[in-house]
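All remarks here apply to the structure that follows.
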């Protein structure tokens with residue numbers, strides 16, 4: 166295993182403070198709840214949607230997040246490990262802007278995700294009951310092809326919620342999705358992540374929701390390991406304090422079942438391997 170091997174309890178590498186437009190609580194309150202719930206560390210990874218960067222004032226949001234992290238590190242010193250991350254979406258919408266953002270802020274962890282469809286609409290807002298099967302298929306092919314480009318070329322540390330569209334298509338709208346139709350694309354994404362030494366995230370937000378599963382499902386963790394994947398981050402994707410750390414122990418068991426002995430956190434954009442519990 167590369168990186169440093171440490172022993173730790175629970176580390177949540179995908180948490181949103183109220184510097185994200187869709188999150189409920191301050192970083193101070195998130196930290197309080199994390200300590201209360203026995204979480205050893207969190208990475209605050211507030212949204213940065215490059216498509217809407219100027220309209221939604223993401224420069225100011227990230228600057229405030231950086232300030233909040235500095236403040237909370239002082240307040241919670243010795244109680245909680247706190248890392249500064251970002252969830253960067255629409256990576257190729259403006260590559261020069263993406264590069265500037267990564268240069269401007271001292272991120273420990275760069276999560277990359279894709280929230281929007283071919284028309285720039287977040288799939289959260291789409292009523293898939295109005296879509297034909299062919300339209301849903303076209304969207305999913307676009308989505309996985311985009312992530313394959315990200316996996317091959319992107320500047321990031323971990324790929325977040327690989328099967329994100331299922332949260333809404335299959336979870337919210339109850340429309341079954343056969344991921345086997347996209348197996349070659351998904352397999353190549355995993356292969357590229359492994360080859361480039363990038364991390365795959367196990368996102369646990371679907372476990373307690375309508376999806377009822379991790380993103381991605383367990384079989385893709387096994388496949389990632391078979392392809393030589395080494396780094397896997399764990400993230401609750403919490404948008405409220407009571408969700409910090411949710412599902413991480415279950416995710417650790419899935420990783421162990423897939424053949425991993427460690428999970429990964431990032432500090433200064435360098436991987437640290439933490440022993441599964």
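Numbering (my numbering), first residue to last: 166 to 442.
Yeah, the Cβ is synthetic: ideal placement off N, Cα and C, and Gly gets one too.
As the structure is a prediction and not an experimental result, all values here were calculated from the model.
Given that a residue counts as buried once 16 or more other Cβ atoms are within 10 Å of its Cβ, and exposed if not, what is residue 469?
Summary: the structure shown does not reach residue 469, with the chain confined to residues 166 through 442, and so no result is reported for it.
Give a yes or no on contact between the segment 258 to 276 and the segment 304 to 315, applying the rule of three or more CB pairs nearer than 8 Å.
no
Ranges of the alpha helix (DSSP H) found wholly within the segment 202 to 274, counting only runs of at least 4:
223 to 240, 260 to 269
Could you check whether the segment 325 to 338 touches the segment 376 to 384, counting it as contact only if at least three pairs of C-beta atoms, one from each stretch, sit closer than 8 Å?
yes
Going by C-alpha distance, which of 270, 298, 248 is nearest residue 205?
Counting from 1 along the chain shown, the entry for residue 205 is found at position 40. Checked all of 270, 298, 248; the closest Cα to residue 205 is 248.
Return the Cβ separation of residue 199 and residue 410 in integer angstroms, given the expectation that the two are a contact with Cβ distance under 8 Å.
As a working note, residue 199 is residue 34 in the chain shown. As a working note, residue 410 is residue 245 in the chain shown. Rounded, the Cβ-Cβ distance is 7 Å, consistent with contact.
Can you grab the Cα-Cα spacing for the pair residue 353 / residue 401, in whole Å?
Your numbering for residue 353 matches position 188 in the chain shown. Your numbering for residue 401 matches position 236 in the chain shown. Taking the straight line joining both Cα atoms gives about 25 Å.
Span of the beta strand (DSSP E) holding residue 177?
Here residue 177 refers to the residue found at position 12 of the chain shown. It spans 176 to 180 - the beta strand (DSSP E) in which residue 177 sits, taken as one unbroken run.
Length of the line joining the Cα atoms of residue 182 and residue 387:
Numbered from its first residue, the chain shown carries residue 182 at position 17. Numbered from its first residue, the chain shown carries residue 387 at position 222. Cα to Cα, the separation comes out at about 31 Å.
If I measure Cβ to Cβ from residue 425 and keep anything under 8 Å in the same chain, skipping five residues before and after, which residues do I get?
Within the chain shown, numbered from 1, the residue matching residue 425 stands at position 260. Closer than 8 Å at the Cβ level, and outside the excluded window around residue 425, lie 386, 390, 397, 441.
Less than 8 Å between the beta carbons of residue 208 and residue 240, yes or no?
The residue labelled residue 208 in the question sits at position 43 within the chain shown. The residue labelled residue 240 in the question sits at position 75 within the chain shown. Judged by beta-carbon spacing, residue 240 lies beyond the 8 Å limit of residue 208, meaning their Cβ atoms are not closer than that value.
Per DSSP, residue 396 is paired with what?
Locating residue 396 in the chain shown gives position 231, counting from the first residue. Paired residue(s): none; residue 396 is not in a bridge.
Same chain, Cβ closer than 6 Å to residue 316, five either side skipped, listed in chain order:
Locating residue 316 in the chain shown gives position 151, where the first residue counts as 1. Within the same chain, residue 316 has close Cβ partners 354, 357, 358.
Ordered list of alpha helix (DSSP H) runs contained in the segment 287 to 339, each at least 4 residues
298 to 318
With distances taken from CA atoms, which of 438, 267, 185 is nearest residue 233?
Start at 1 with the first residue of the chain shown, and residue 233 comes out as number 68. The shortest CA-to-CA distance from residue 233 to any of 438, 267, 185 is the one to 185.
Comparing alpha-carbon positions, which option in 412, 428, 404, 423 lies nearest residue 211?
Numbered from 1 along the chain shown, position 46 holds the residue referred to as residue 211. Cα-wise, what sits closest to residue 211 is 404.
Our contact map puts residue 324 next to residue 277 with C-beta atoms below 8 Å; I'd like the distance itself, whole angstroms only.
Against the chain shown, residue 324 aligns to sequence position 159. Against the chain shown, residue 277 aligns to sequence position 112. About 6 Å; that satisfies the 8 Å criterion.
Residue range of the beta strand (DSSP E) that includes residue 363:
On the chain shown, residue 363 is found 198 positions in, with the first residue counted as 1. Per DSSP, residue 363 belongs to no beta strand (DSSP E) and is neither H nor E.
Residue 178 to residue 237 span [Cα, whole Å]
Indexing the chain shown from 1 puts residue 178 at position 13. Indexing the chain shown from 1 puts residue 237 at position 72. Cα-Cα distance, rounded: 16 Å.
Between which two residues does the alpha helix (DSSP H) containing residue 427 stretch?
Working through the chain shown from its first residue, we reach residue 427 at position 262. No alpha helix (DSSP H) holds residue 427; the beta strand (DSSP E) holding it covers 427 to 432.
Run through the DSSP bridge pairs and tell me what residue 281 is partnered with.
On the chain shown, position 116 is the one that residue 281 refers to. In DSSP, residue 281 forms a bridge with 287.
Shortest alpha-carbon distance to residue 349 belongs to which of 382, 310, 360, 326?
Numbered from 1 along the chain shown, position 184 holds the residue referred to as residue 349. Minimum Cα distance to residue 349 is reached at 310.
Quick one: what does DSSP say residue 276 is sitting in, helix, strand or coil?
Stepping through the chain shown from its first residue, residue 276 is reached at position 111. Reduced to three states, the DSSP call for residue 276 is strand.
Residue 188 - DSSP class collapsed to helix/strand/coil:
As a position in the chain shown, residue 188 is number 23, starting the count at 1. Coil, per DSSP.
Got a sec? Which residues, its chain only, sit under 6 Å from residue 174 by beta carbon, not counting five neighbours each side?
What you label residue 174 is simply residue 9 of the chain shown in a count that begins at 1. Cβ neighbours of residue 174 beyond the five flanking positions: 205.
Which partner residues does residue 380 have in the DSSP bridge list?
For the purposes of this step, residue 380 is taken as residue 215 along the chain shown, with counting starting at 1. Paired residue(s): 368.
Taking the alpha helix (DSSP H) that residue 421 falls in, what are its first and last residues?
Translated into the one-based positions of the chain shown, residue 421 becomes position 256. It spans 413 to 422 - the alpha helix (DSSP H) in which residue 421 sits, taken as one unbroken run.
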